[in-house]
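Residues in the sequence shown are numbered from 506 upward in steps of one, following my numbering. Backbone N, C-alpha and C define an ideal beta-carbon position, used for all residues, glycine too.
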Amino acid sequence: MTTEAQVSAASDTAARAFPRDWMLVFGALFVCAWSGNQFSPLLVMYREQDHFSASTVTAFLGIYVVGLVPALIVSGSIADRVGRRAPMLVAVIAGLIGSVLLASEGLGLWTIFLGRMFSGVAVGTATAVGTTWLKELSRRPFDPAADASSGARRASLAFTLGSALGALVAGCIAQWGPWTHSLPFLLHIVVTVPFLWLIRRPVETAPALDDDVRDRGGFLVSSARHRRFVRVVMICCPWLFIACGLSYGYQPVLLADAAGGLGLAYGTLLSVIALGTSAAVQPLAKRIDSESSARGLLVSLAILVVGIGVMIAAVTTDSLLVGVVASIVFGVGFGIGLTSGLMEVQRIAPPTELARLTGIFYAVAYIGFAMPTLLAALTPPFTTLELLIALAVLLGVSLGAIGYASEKHLPRRHLPDS
Numbered sequence: 506m507t508t509e510a511q512v513s514a515a516s517d518t519a520a521r522a523f524p525r526d527w528m529l530v531f532g533a534l535f536v537c538a539w540s541g542n543q544f545s546p547l548l549v550m551y552r553e554q555d556h557f558s559a560s561t562v563t564a565f566l567g568i569y570v571v572g573l574v575p576a577l578i579v580s581g582s583i584a585d586r587v588g589r590r591a592p593m594l595v596a597v598i599a600g601l602i603g604s605v606l607l608a609s610e611g612l613g614l615w616t617i618f619l620g621r622m623f624s625g626v627a628v629g630t631a632t633a634v635g636t637t638w639l640k641e642l643s644r645r646p647f648d649p650a651a652d653a654s655s656g657a658r659r660a661s662l663a664f665t666l667g668s669a670l671g672a673l674v675a676g677c678i679a680q681w682g683p684w685t686h687s688l689p690f691l692l693h694i695v696v697t698v699p700f701l702w703l704i705r706r707p708v709e710t711a712p713a714l715d716d717d718v719r720d721r722g723g724f725l726v727s728s729a730r731h732r733r734f735v736r737v738v739m740i741c742c743p744w745l746f747i748a749c750g751l752s753y754g755y756q757p758v759l760l761a762d763a764a765g766g767l768g769l770a771y772g773t774l775l776s777v778i779a780l781g782t783s784a785a786v787q788p789l790a791k792r793i794d795s796e797s798s799a800r801g802l803l804v805s806l807a808i809l810v811v812g813i814g815v816m817i818a819a820v821t822t823d824s825l826l827v828g829v830v831a832s833i834v835f836g837v838g839f840g841i842g843l844t845s846g847l848m849e850v851q852r853i854a855p856p857t858e859l860a861r862l863t864g865i866f867y868a869v870a871y872i873g874f875a876m877p878t879l880l881a882a883l884t885p886p887f888t889t890l891e892l893l894i895a896l897a898v899l900l901g902v903s904l905g906a907i908g909y910a911s912e913k914h915l916p917r918r919h920l921p922d923s
């Protein structure tokens, strides 16, 4: 059995050999997030230029989830048993396969479906495993300069920046560039290929766990039943991606007439603004988060309530500018909530379950992306204004529930703020 002294010595050696391993994992998570979100702005293109039906475009989204959600759950379990490197390599390969298939769209509709599914596998695997690996590499001895929040902030930043850049590149090419159906994916392939080699370099962190405490429970995750996870984190996390769906999934549809022929560019702009804002707010998220309460999550949801209010103003006045303001507000709320949510997960989960609990967190959070589809299905009989008001009320109820449990069921190994 590996002794603590041996593990420490091996870790010190690895830290000296690769003092910035976390950057390589950051990059791998970045390119995988790029692979998932580069398709989002192109939905308008497929609808307008290729004349795909609304049901087909919706199916493009659905098949992505088919790859994403199982990967979030399964990859976390695999990573907790065999290590982080192999699943992350699979994520990079899946992202490449997805882009190759999507760039070959002319070969048939099935290539889009398969490409989207592989993109979902890439994002799901990288999100669950990469977030965990970043957290483990963002601490002593691998990164002596890191603090307790560095792992969560870096993971959130990699995810949001990758998603933002993927949307920006694809959206700009689709609106103004050449080879609109293939160039976005070819650029992603060029950026991603080096990580087939680079992701082999970071030190493996999972084997540092004592074999006697390594969990053999397969897909069972005892920390998912932790009262704080159930009564605080699970209530908040769907709202984070509901905010994203509203910001750059639903708003561009509602403001399509005002955007005119620049609808695709406007949707891309809202994506970049929301995700870019969420990345920029990371230093603030670090200061707001607290180990003794759910302060970060409460601030996040309160900001998202304001975001819905601004969105209501945007759609009732048909104002593109107010829509941009709404995306900024949504981005702030999303960034604070994602960082604080990941930090809550890292405080709740033991090392042997961190990848799996992270996967569950994201799997539940991604449910929020279905909200624009649900709202569209309910319009009529309800009006958009009625639905957005109802959504704000539900968000307020969630805010109250988290506020009630804010200081309860804290992980025992964490002390209150001094």
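Top-ranked residue by Cα proximity to residue i, from the options
i	options	result
V834	E849, I817 and G846	I817
S797	Y569, K913 and L760	K913
G814	A584, Y569 and V830	V830
L759	P743, L806 and L893	L893
S654	T884, R525 and P788	P788
A633	A663, L826, A651 and S609	A663
S668	S609, L688 and N542	N542
L769	G781, D648, C677 and L880	C677
L904	V571, D652, W744 and P649	W744
L692	E891, C742 and W539	W539
P619	S805, A650 and Y569	A small correction: the amino acid at residue 619 is Leu; Pro does not occupy that position in the sequence shown. Of S805, A650 and Y569, the residue nearest in Cα terms is Y569.
R792	M848, T697, A711 and L767	M848
L477	P757, I602, T821 and G682	This structure leaves residue 477 out entirely; the chain is present only between 506 and 923.
F544	R659, I740, F690 and G908	F690
T863	Y551, G581, V571 and P546	G581
L614	D555, H731 and P683	D555
I872	R552, A819 and G567	G567
T462	G750, H731, E610 and I583	This structure gives no information on residue 462, because the portion of the chain shown stretches from 506 to 923.
S832	A895, A882, E891 and F746	F746
Residue j beta carbon less than 7 Å from that of residue i
i	j	result
P916	R861	no
V737	A591	no
G635	V530	yes
W527	S643	yes
L476	A748	Residue 476 lies beyond the residue range present for the chain, which begins at 506 and ends at 923; the question has no answer from this structure.
C742	F866	yes
C537	A675	no
S805	A779	no
R525	F565	no
S687	A608	yes
S728	E858	yes
P877	G781	no
L547	V562	no
T616	L601	no
A790	I740	no
M550	A657	no
V777	L612	no
DSSP state of residue i mapped onto helix, strand, coil
i	result
R658	helix
E849	helix
A831	helix
F544	coil
V698	coil
V726	coil
R590	helix
P757	helix
L883	coil
W684	coil
A653	coil
G613	coil
Q787	helix
D648	coil
S903	helix
E796	coil
R736	helix
T710	coil
K640	helix
P916	coil
R621	helix
A519	With a pLDDT of only 48 at A519, under the threshold of 50, the placement of this residue in the model should not be trusted; the figure read from the coordinates follows. Helix at A519.
T888	coil
D555	coil
D823	coil
R861	helix
D717	Summary for D717: the model assigns pLDDT 48, below 50, so the residue's position carries little reliability; its value from the coordinates is reported in the next sentence. Reduced to three states, the DSSP call for D717 is helix.
Presumed contact (8 Å Cβ cut-off) between residue i and residue j, rounded CB distance
i	j	result
S845	G801	3 Å
V837	V898	About 21 Å separates the two Cβ atoms, so there is no contact after all.
S533	I704	The question names Ser, yet the displayed sequence has Ala at residue 533. Confirmed, Cβ separation roughly 5 Å.
W638	T710	6 Å
L803	G908	6 Å
V571	F647	Not really, about 35 Å apart at Cβ, beyond 8 Å.
L879	T821	With 8 Å as the limit, L879 and T821 do not qualify as a contact, their Cβ atoms being about 21 Å apart.
*Please confirm if the region 623-632 is in contact with the region 565-581, defined as three or more CB-CB distances below 8 Å between the two stretches.*
yes
*asked:* Can you confirm whether the region 818-828 touches the region 590-606 when touching is taken to mean that 3 or more C-beta pairs between the two stretches lie within less than 8 Å?
replied: no
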